[in-house]
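Here's the structure we're looking at; comments come further down.
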Amino acid sequence: MDTADLIASFVASVLTIMVLSYLVGDNPLFKLAMHLLIGVAAGYVGAVAVHNVLIPGLIEPILEAGLGGLADPQLIVTVIVPLILVVLLFLKVAPSTARYGTVSMVLLVGVGAAVIVGGAITGTLIPLTLASMDTLNPSAVNQLTGESGIERLLNVIIVLIGTLTTLFYFRFTVRTTDVEAPFAIVAGTRIPGPLTVFKGIGKGFIAITFGVMYAGAVAATLIVLAERVQFIWDTVTGVIDSIG
Amino acid sequence: MCGTPNHGDAEECTNCGARLKPLDVSGSSKESEDWLDRMREEAEESPSPGSSGGSASAEPDQASTEGADDFSDLRSAETGGAGGSEAESSEEEVPEWLQRIREKKAEEPSGSDEPAPEDALRAAARASPVSEDPAPEDALRAAAVASLASDEPAPEDALRAAAAEVPSEAEQPDGPPEGVEQTPEEKNIPEQGSETEPASEGESPEWLEAMESEDGASEADLPHVPALVGGAEEPADEELGDLGLPDWLGEIEPLEDESASTAQEGSSDLAPATLPNWLEAMRPVDTFRSVVEIEPEDDQAVESVGPLAGLSGVLLAEPVVAMPRTSSVGSLQLDVSERQYAQAELLHRLVEEEEQVAPAIPKRGVRLAVFRWAIAAVVLVAVSLPIITGAPSFALPSLEPRELGALFSLVERLPLEQPVLVVFDYEPGYAGELEAVSGAFLDQMMARGLPLASMSTRPTGSALALIALAPFVDRYGYENGQSIVNLGYLSGGQTAVQLFAINPREAILEGFALPEQVQDVWETPVLNGVEVLSDFGMVAVITADSESARVWAEQARPNMADTPLVVVLSAGAEPLVRPYFEGTDRTIGGILSGLPAAVSYELRNGRPGLAQERWDAFGSAMLAAELVLLAGVGYGLVFWWRGRTPA
Chain F
-11 MDTADLIASF VASVLTIMVL SYLVGDNPLF KLAMHLLIGV AAGYVGAVAV HNVLIPGLIE
49 PILEAGLGGL ADPQLIVTVI VPLILVVLLF LKVAPSTARY GTVSMVLLVG VGAAVIVGGA
109 ITGTLIPLTL ASMDTLNPSA VNQLTGESGI ERLLNVIIVL IGTLTTLFYF RFTVRTTDVE
169 APFAIVAGTR IPGPLTVFKG IGKGFIAITF GVMYAGAVAA TLIVLAERVQ FIWDTVTGVI
229 DSIG
Chain R
25 MCGTPNHGDA EECTNCGARL KPLDVSGSSK ESEDWLDRMR EEAEESPSPG SSGGSASAEP
85 DQASTEGADD FSDLRSAETG GAGGSEAESS EEEVPEWLQR IREKKAEEPS GSDEPAPEDA
145 LRAAARASPV SEDPAPEDAL RAAAVASLAS DEPAPEDALR AAAAEVPSEA EQPDGPPEGV
205 EQTPEEKNIP EQGSETEPAS EGESPEWLEA MESEDGASEA DLPHVPALVG GAEEPADEEL
265 GDLGLPDWLG EIEPLEDESA STAQEGSSDL APATLPNWLE AMRPVDTFRS VVEIEPEDDQ
325 AVESVGPLAG LSGVLLAEPV VAMPRTSSVG SLQLDVSERQ YAQAELLHRL VEEEEQVAPA
385 IPKRGVRLAV FRWAIAAVVL VAVSLPIITG APSFALPSLE PRELGALFSL VERLPLEQPV
445 LVVFDYEPGY AGELEAVSGA FLDQMMARGL PLASMSTRPT GSALALIALA PFVDRYGYEN
505 GQSIVNLGYL SGGQTAVQLF AINPREAILE GFALPEQVQD VWETPVLNGV EVLSDFGMVA
565 VITADSESAR VWAEQARPNM ADTPLVVVLS AGAEPLVRPY FEGTDRTIGG ILSGLPAAVS
625 YELRNGRPGL AQERWDAFGS AMLAAELVLL AGVGYGLVFW WRGRTPA
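Residue numbers (the working numbering), protein chains in the order written: chain F, -11 to 232; chain R, 25 to 671.
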């Protein structure tokens, strides 16, 4: 480990300890580490945006085309119009000129919403619905596991019960005897006993799901902690070795 | 009060509801009651109009005769009221002309049962002697109205006929009957009747012509009729004559005056301008008395608004209109059903609960801090011991996840001529985990010599890619720009992912950390043949966020054709991404998550990596975490058991 790497590792180790100092509560060391992290991250993101997005996407095409090339329709569509939108969006910085950036915001929000909704329908809603329906087919064979027979049947039953009870848990409405509003939400109405069992089973499936997610988060955190401890130990031993 | 004839025993008028009999008969009115009773008795004893003959459509002569007869009876009755002895003597000495009429009347058959107009006249005569308020002509007008309503001959006709039937002074051989006091006005009746000609049809009466002729007269010349107010001065006869009353009414004026004077004689004890008690009781005061007390004329206000502006003595409409009264509109009452009432009660209860002050939670800061420090110390010690001392040591997993074999096989089958796109979509905070988890995966690909291209949708992802690939680049001799390139940062979020899936060359224009000799990243040997996303041999997304994996599955997968999509996940994001992998039509072709799977991957590769290096620390930390969880569960159970057990 050379000196530069040793110094960098030492600083990184100190910053790691400063962040871990939050264990004893909010303190100046933790705040200093946070400020450094945020400042460095923001500066790095700005530098990346300028060097990887703005310069190659807006500046260089204009410089390459020159004044004569500005009349090129393709350049106007791909460069000039985006440049105008960028300038308008930049006007959001000042409150007095913020309204001019609304055009760019409208374009961003509208296009973004359309992309997200379309992708969610075609990429998540329909495929997962069909997958759930196929899962309930006992004759189908799982491509991944190759399971069939009793094993497949048991899995199908578990999936069926889990799906139905989980959906039932999130259905807070109860059919009432009121003809005018049969599906009205009746506050304080107790769900009959059998339905309460279904709701409890659904809650159990949800609890298992959240438990798995929590266990995964804990495992990930422990891996990160182990990596940080290993890094600090390596730095300490490196410093000791360099001193010795 | 309305003039409708009623039965003698009736307590109230059948038409207007006015009381006909006094409620309180004082001793002072005893005398007036006596003469009234006598009149009633005489009226009952006398033949009824129906029985006496003379139908409603009788001949004028008959009617006039009949009317004259009744009228004479009336006069005699009234006179008798004034002096009983004189009346009796007059009945004994019936004049010849009256005897003829009675005989003629007795010969006539009985007609209709409808009340004759003389009844109305009799009622008017009854009221006139004692009531000074209404003028005599008013009573006669009421009688005329009653007669018109009953299709009876007009009273004036009857009176005129009676006047014509009654012989004049010159024709009467015996003169007026004895005992009957004949007033000067009474003497003029036949003369006036002879002088006044009945108005023919289509010819206006004289009084109307007189009124029309006086239209142009000055306002001062107009007759002044004061309001019907008790105590007001009764207009003089001259003034009444100036009113332009019809001639036929003028003919009967003496009769009324006579009856009035006779009544005054009989009730001389009555104070002027006051009503007897029995009549006062008969008046429907509440019906006719105005809610506004009429002030004396001097105090009356002058009307200031409306068409009567400038006139005094008029009834002021504004106070009447503005007086508060009970609203005619019914009060609004809520029609609340039981269900609505129950909901309202529930809402009320909720609001009441919100208003209640929650009890203060006792501070447990010190206790929590102790627990936090204790748990942190345990975990730190558990993580540090394997790293520092090398103990405890945990055995490597012998079982591998079911999906690991499929992923390993997938990477093994990738063609060497097609580059693999690796997306580093995680933040620096997750680098410690994801570098260890994805190490074996990257090791396998780079060990096979697959050309690699990296990119990120996060600004810091490109730098993290360099760090993650650095060990394998050096190990397997990858050359930047030749066998591995970094496309850099893809700005634009989900929209940019879709754009990149459609046209990668338009989405990313310049690479990251490329050698200086590389002018265009897309012209490098790695990406030279890539035009669309499906030209990549595989797309691998390394992320700690399930949202990022879902975006690539939704936006990029439809444009990838047969190119498999593989995700390397943090352990916390796996449950939400796994459904994309376990479906029959899998959107994600391979998944790798968690340190145990990474260790198994390294075991498959046969080359230890970061996963095995951190396995002991990870195992020790997981053991400590499980012990802490168990301790917490035991702590909760103990307190739960102590809470159930009675003290």
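All C-beta atoms in this analysis are idealised placements derived from N, C-alpha and C, irrespective of residue type, glycine included.
**Asked** Would the beta-carbon of R:Leu557 fall within 8 Å of that of R:Met584?
**Response** Taking the first residue of the second sequence as 1, we reach residue 557 of chain R at position 533. Taking the first residue of the second sequence as 1, we reach residue 584 of chain R at position 560. Their beta carbons are under 8 Å apart, which means R:Leu557 touches R:Met584 by this criterion.
**Request:** Measure the beta-carbon distance from F:Gly111 to R:Gln579 and round it to whole angstroms, keeping in mind my assumption that it falls under 8 Å.
**Result:** As a first step, residue 111 of chain F must be located in the first sequence, where it is residue number 123. As a first step, residue 579 of chain R must be located in the second sequence, where it is residue number 555. That pair is a contact at about 7 Å.
**Prompt:** What distance in whole Å lies between the Cβ atoms of R:Ala464 and R:Ala577, which are believed to be in contact at a cut-off of 8 Å?
**Reply:** On the second sequence, position 553 is the one that residue 577 of chain R refers to. On the second sequence, position 440 is the one that residue 464 of chain R refers to. Contact doesn't hold; Cβ gap of about 23 Å is too wide.
**Prompt:** Using 8 Å as the limit for Cβ to Cβ distance, is F:Thr151 near chain R?
**Reply:** The residue you call residue 151 of chain F lines up with position 163 of the first sequence. F:Thr151 does not count as touching chain R.
**Request:** Rounded to whole angstroms, what's the CA-CA distance from R:Asp544 to F:Leu42? Just pull it up for me.
**Result:** Along the second sequence, read from residue 1 onward, the residue named residue 544 of chain R stands at position 520. Along the first sequence, read from residue 1 onward, the residue named residue 42 of chain F stands at position 54. Whole-angstrom Cα-Cα distance: 16 Å.
**C-beta atoms of F:Ser(-3) and F:Gly226 nearer than 8 Å** = Residue mapping note: residue -3 of chain F aligns to position 9 of the first sequence, counting from 1. Residue mapping note: residue 226 of chain F aligns to position 238 of the first sequence, counting from 1. Yes, they are a contact pair.
**Prompt:** According to DSSP, is F:Met201 helix, strand or coil?
**Reply:** The count along the first sequence starts at 1 and reaches residue 201 of chain F at position 213. Three-state DSSP puts F:Met201 in a helix.
**Asked** Hey, R:Leu431 and R:Gly614: beta-carbon distance below 8 Å or not?
**Response** Translated into positions along the second sequence, residue 431 of chain R becomes position 407. Translated into positions along the second sequence, residue 614 of chain R becomes position 590. Against a cut-off of 8 Å, the Cβ pair of R:Gly614 and R:Leu431 comes out as a contact.
**Message:** Could you check whether R:Val329 and R:Leu335 sit closer than 8 Å to each other, using their CB atoms as the reference points?
**Reply:** As a working note, residue 335 of chain R is residue 311 in the second sequence. As a working note, residue 329 of chain R is residue 305 in the second sequence. No.
**Message:** Less than 8 Å between CB atoms is the rule here; does F:Gln62 satisfy it with respect to chain R?
**Reply:** On the first sequence, residue 62 of chain F is found 74 positions in, with the first residue counted as 1. With 8 Å as the cut-off, F:Gln62 does not count as an interface residue toward chain R.
**Prompt:** Is R:Pro416 close to chain F, meaning its C-beta is less than 8 Å from at least one C-beta of that chain?
**Reply:** Counting from one through the second sequence, the residue named residue 416 of chain R turns up at place 392. Output row for R:Pro416: interface = no.
**Request:** Could you please give the first and the last residue of the uninterrupted alpha helix (DSSP H) stretch that includes F:Ala119?
**Result:** Counted from its first residue, the first sequence places residue 119 of chain F at position 131. Per DSSP, F:Ala119 belongs to the alpha helix (DSSP H) from Ile114 to Thr123.
**Request:** For the stretch 182 to 206 of chain F, enumerate the residues whose C-beta is nearer than 7 Å to any C-beta of chain R, in chain order.
**Result:** Thr197, Val200, Met201, Gly204, Ala205 and Val206
**Request:** Using beta-carbon positions only, say whether R:Leu474 and R:Phe496 come within less than 8 Å of one another.
**Result:** Position 450 of the second sequence, counted from the start, is the residue given in the question as residue 474 of chain R. Position 472 of the second sequence, counted from the start, is the residue given in the question as residue 496 of chain R. Cβ atoms of R:Leu474 and R:Phe496: not closer than 8 Å.
**Request:** Could you check the C-alpha separation between R:Arg574 and R:Ala384 for me, to the nearest Å?
**Result:** Taking the first residue of the second sequence as position 1, residue 574 of chain R is located at position 550. Taking the first residue of the second sequence as position 1, residue 384 of chain R is located at position 360. So the two alpha carbons sit approximately 44 Å from each other.
**Request:** Would you be able to state if there are at least three C-beta pairs under 8 Å between the stretch 502 to 510 of chain R and the stretch 88 to 96 of chain F?
**Result:** no
**Request:** Specify whether the stretch 29 to 43 of chain F and the stretch 471 to 486 of chain R touch according to this definition: at least 3 beta carbon pairs, one from each stretch, less than 8 Å apart.
**Result:** yes
**Message:** What does DSSP give as the partner residue(s) for R:Thr567 in the beta ladder?
**Reply:** For the purposes of this step, residue 567 of chain R is taken as the residue at position 543 of the second sequence. Beta-bridge pairing links R:Thr567 to R:Asp449 and R:Leu593.
**Message:** Can you tell me whether R:Pro443 is buried or exposed? The criterion is at least 16 other CB atoms within 10 Å of its CB, across all chains shown.
**Reply:** Translated into the one-based positions of the second sequence, residue 443 of chain R becomes position 419. Result: buried.
**Whether R:Ala489 touches R:Ser478 by CB criterion (8 Å)** = What you label residue 489 of chain R is simply residue 465 of the second sequence in a count that begins at 1. What you label residue 478 of chain R is simply residue 454 of the second sequence in a count that begins at 1. Cβ distance < 8 Å, so R:Ala489 and R:Ser478 count as in contact.
**Item:** Closer than 8 Å to chain F by CB, R:Tyr454
**Value:** For the purposes of this step, residue 454 of chain R is taken as residue 430 along the second sequence, with counting starting at 1. With 8 Å as the cut-off, R:Tyr454 counts as an interface residue toward chain F.
**Message:** What would DSSP say about F:Leu25, mapped onto helix, strand or coil?
**Reply:** One-based indexing of the first sequence puts residue 25 of chain F at position 37. Looking at F:Leu25 - three-state DSSP - the assignment turns out to be helix.
**Message:** Just to confirm the assignment, what range does the beta strand (DSSP E) spanning R:Leu616 have?
**Reply:** Residue mapping note: residue 616 of chain R aligns to position 592 of the second sequence, counting from 1. Unbroken beta strand (DSSP E) run through R:Leu616: Gly614 to Ser617.
**Nearest to F:Ala101 (by Cα), restricted to the options R:Ala621, R:Pro528, R:Gln518 and R:Ser570** = Numbered from 1 along the first sequence, position 113 holds the residue referred to as residue 101 of chain F. For F:Ala101, the nearest C-alpha among the options comes from R:Gln518.
**Item:** Secondary structure of F:Glu215, DSSP reduced to three states
**Value:** As a position in the first sequence, residue 215 of chain F is number 227, starting the count at 1. The answer is helix: DSSP assigns F:Glu215 an H, G or I state.
**Request:** Output yes if chain R places a C-beta closer than 8 Å to the C-beta of F:Asp(-7); else output no.
**Result:** Numbered from its first residue, the first sequence carries residue -7 of chain F at position 5. F:Asp(-7) does not count as touching chain R.
**Item:** Any C-beta of chain R under 8 Å from that of F:Val147
**Value:** The residue labelled residue 147 of chain F in the question sits at position 159 within the first sequence. Closer than 8 Å: no.
**Asked** Mind listing which residues of the stretch 614 to 626 of chain R have their C-beta closer than 7 Å to chain F's C-betas, in chain order?
**Response** Gly618 and Leu619
**Request:** Would you mind sorting R:Tyr454 into buried or exposed? The rule is 16 or more other CB atoms within 10 Å of its CB.
**Result:** As a first step, residue 454 of chain R must be located in the second sequence, where it is residue number 430. The residue is buried, with at least 16 neighbouring Cβ atoms inside 10 Å.
**Prompt:** Are there three or more Cβ pairs, one per stretch, closer than 8 Å when the stretch 436 to 451 of chain R is compared with the stretch 552 to 566 of chain R?
**Reply:** yes
**Request:** Would you give the residue range spanned by the beta strand (DSSP E) that R:Leu653 belongs to?
**Result:** What you label residue 653 of chain R is simply residue 629 of the second sequence in a count that begins at 1. Looking at the DSSP string, R:Leu653 is not in any beta strand (DSSP E); the run it does join, the alpha helix (DSSP H), is Trp639 to Arg668.
**Asked** How would you write the range of the alpha helix (DSSP H) that R:Ser480 sits in, first residue to last?
**Response** If you number the second sequence from 1, residue 480 of chain R lands on position 456. Careful: R:Ser480 lies outside any alpha helix (DSSP H), inside the beta strand (DSSP E) at Leu476 to Ser480.
**Request:** For F:Asp122, return the contacting residues in chain R, with the cut-off set at a CB-CB distance below 9 Å.
**Result:** Residue numbering aside, residue 122 of chain F sits at position 134 when the first sequence is read from its first letter. Gly607, Thr608 and Asp609, listed in chain order.
**Prompt:** Does the beta carbon of R:Phe448 come closer than 8 Å to any beta carbon on chain F?
**Reply:** Position 424 of the second sequence, counted from the first residue, corresponds to residue 448 of chain R. Judged by the 8 Å Cβ criterion, R:Phe448 is not in contact with chain F.
**Request:** Run down chain R in chain order and give the residues with a C-beta less than 8 Å from the C-beta of F:Tyr32.
**Result:** Residue 32 of chain F sits at position 44 when you count from the first residue of the first sequence. Going along chain R in sequence order, the residues near F:Tyr32 (Cβ under 8 Å) are Pro483, Thr484 and Ala487.
**Request:** Excluding the 5 residues preceding and the 5 following F:Leu73 in the sequence, name in chain order all residues of the same chain whose CB lies nearer than 6 Å to its CB.
**Result:** Position 85 of the first sequence, counting from 1, holds the residue named residue 73 of chain F. Correct list, in chain order: Ser92.
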